[in-house]
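Worksheet: the structure to be examined is printed underneath.
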Amino acid sequence: MIERALLLIILLRVISGSIEITAAALMFKFNDLEKAFYINSLLALVGPFILIVTTGIALHGLTEKVSLVRMICLFAGIFLILYSLKSE
58 MIERALLLII
68 LLRVISGSIE
78 ITAAALMFKF
88 NDLEKAFYIN
98 SLLALVGPFI
108 LIVTTGIALH
118 GLTEKVSLVR
128 MICLFAGIFL
138 ILYSLKSE
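Counting in our numbering, the sequence shown runs from 58 upward without gaps.
The structure is reproduced here in structure tokens:
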């Protein structure tokens, strides 16, 4: 029997992958660098959102197995990754 949290994570990753493939197909169809850049910029919003949501679901499912300090460290690491992408 598959856990509910794992099923949600799998579903989100399939949706995320489908969005990536659709974006690549649109870039190919439009064959325009500016439009490809715009589509890629929109993808930059989807990736971090999926990362945060899937990590939150996993941690919620592991609340009994993972300490509060580890959860804080994990989210701090995610925050630092996202912050480093935005900084110069």
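Beta carbons are placed, not taken as given, at the ideal position from N, Cα and C, and that holds for glycine.
*Going by other Cβ atoms of all chains shown within 10 Å of its Cβ, with 16 needed for buried, is Ile78 buried or exposed?*
exposed
_Would Met84 and Ile96 be called neighbours here (beta carbons separated by less than 7 angstroms)?_
yes
_CB contact flag (Ala62, Gly104, <7 angstroms)_ = no
*Whose C-alpha, out of Ile76, Ile109, Lys122, Phe87, is nearest the C-alpha of Leu139?*
Ile109
*Euclidean distance between Cα positions of Lys86 and Leu142*: 28 angstroms
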